[in-house]
Every structure is written in structure tokens, then in C-alpha cells.
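Reading through the C-alpha cells given below for one structure.
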Amino acid sequence: MNLQPFTITHVDVVWHEPFLRYVPRVFPRASFRKWYERGGWDENYYAVAISDGDEIIANASLMRMSLLLHRRELTGWQLGAVGVVPERRGAGLQREILPQALDVAGRDDVVFLFANDSVLDFYPRFGFRRAQEVVFGADHAVMPAKDRLR
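Written out as C-alpha cells, the structure is:
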């Protein structure tokens, strides 16, 4: 059993399948398989995990992206897939993982997440604060193509 966090990148393919099995164990309605099969795990995606044998039991992932904030281009990181498999919860595994995951981001980078109501008290322990979520949109007419695309 390895209870030390380790980082999984796009080149650590031996850990990709265990990660894909981990996600629905923690988030029953989620699967990253199609995302993975379409090349989603690239050099911008980092998973920090704890394993028991060849199974991931806890994880926090970061996806790097470019953000435009107040007319400045910044490096941003979306935190996601944060969790522990049900039978291992309550052992403080995220206290080991999250600091290491947050170290992946640069000191001046923006780290954000979309949290559900059940974890709003959890993330402030790691320096996060609540922010208002804003959704932007624009009207755009979409018409069927005359020619079939191949």
C-alpha cells in the first residue's frame, strides 16, 4: 500500500486505467472514459493520487488552461475529480493530496473549482473562498448544413 501522493501525467499510462476506474467509484454518474479516448489527457492534465496496490483510492486533479482576467492573460488551473473512494473516507487522505496538487500550479496562477453544496465547508481549509458564479452567453443562429460533412 502506497499512502504517499504521487503525480500521474499524460505519459504515466500505466496509471490511466486505474484512474478511469476510480472516477465512477467516487462520482457514480461520471465517467472520464470518452474524454480520455478522445485525447483529453494531455500535457495539461495532472492527477495527484494515492493508491492501494494498483487501485487509486484518492485523487485531486488539475487541468491547465489560459484565462483572460481583467485584460491580462493568466495561467489557470481547474481543480476537479477530488475525492476518496467510499470505503476509505475519513482517514484524512485529502489532507495529503490537496497541498501537493496545489503545488502543481505556479505561485501566481489562478486555481478554481466548481463545488457542490456538500463540500462548501471543505475547500476553505485549503485556502479557497466562495465566489459568485457567472454564466455568459450570446444568441447565435444555427442552421443545418446544406452539404453532408464527412
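In our numbering, the protein residues as written are 2 to 151.
Even glycine gets a Cβ: it sits at the ideal position worked out from N, Cα and C.
Look at the Cβ atom of Ala-31, then the Cβ atom of Val-49, and state whether they are nearer than 8 Å. Judged by their CB atoms, Ala-31 and Val-49 are not nearer to each other than the 8 Å cut-off.
Option nearest Ser-119 by Cα separation, candidates Leu-75, Val-83, Val-112: Of the listed residues, the one whose Cα sits closest to Ser-119 is Val-83.
Val-105 versus His-17, Val-15, Glu-44, residue with shortest Cα-Cα distance: Shortest Cα-Cα distance from Val-105 to any of His-17, Val-15, Glu-44 involves Glu-44.
How close, in whole Å, do the beta carbons of Ala-59 and Ile-98 come, if the pair is a contact with beta carbons under 8 Å? Indeed they touch by this definition, with Cβ atoms about 6 Å apart.
In angstroms, rounded to a whole number, what distance separates the CA positions of Leu-4 and Arg-73? Between Leu-4 and Arg-73, the C-alpha separation is close to 39 Å.
When you compare the CB positions of Leu-70 and Val-111, do they come within less than 8 Å of one another, or not? Yes, the pair counts as a contact, with Cβ atoms nearer than the cut-off.
Here's a check: name, in chain order, each residue in its chain whose Cβ is nearer than 6 Å to the Cβ of Met-66, leaving out the five neighbours to either side. The residues are Gly-77.
Ile-57 vs Pro-19 beta-carbon contact at 8 Å: Going by C-beta atoms, Ile-57 is nearer than 8 Å to Pro-19.
Can you say whether Val-85 is buried or exposed, counting buried as having 16 or more other CB atoms within 10 angstroms of its CB? Counting Cβ neighbours within 10 Å, Val-85 comes out buried, since at least 16 surround it.
Are the CB atoms of Tyr-160 and His-17 nearer to each other than 8 Å? Look at the range of the chain in this structure, 2 to 151, and you will see that residue 160 is not part of it.
Comparing alpha-carbon positions, which option in Asp-55, Phe-33, Tyr-23, Pro-100 lies nearest Pro-125? Ranking Asp-55, Phe-33, Tyr-23, Pro-100 by Cα distance to Pro-125 puts Pro-100 first.
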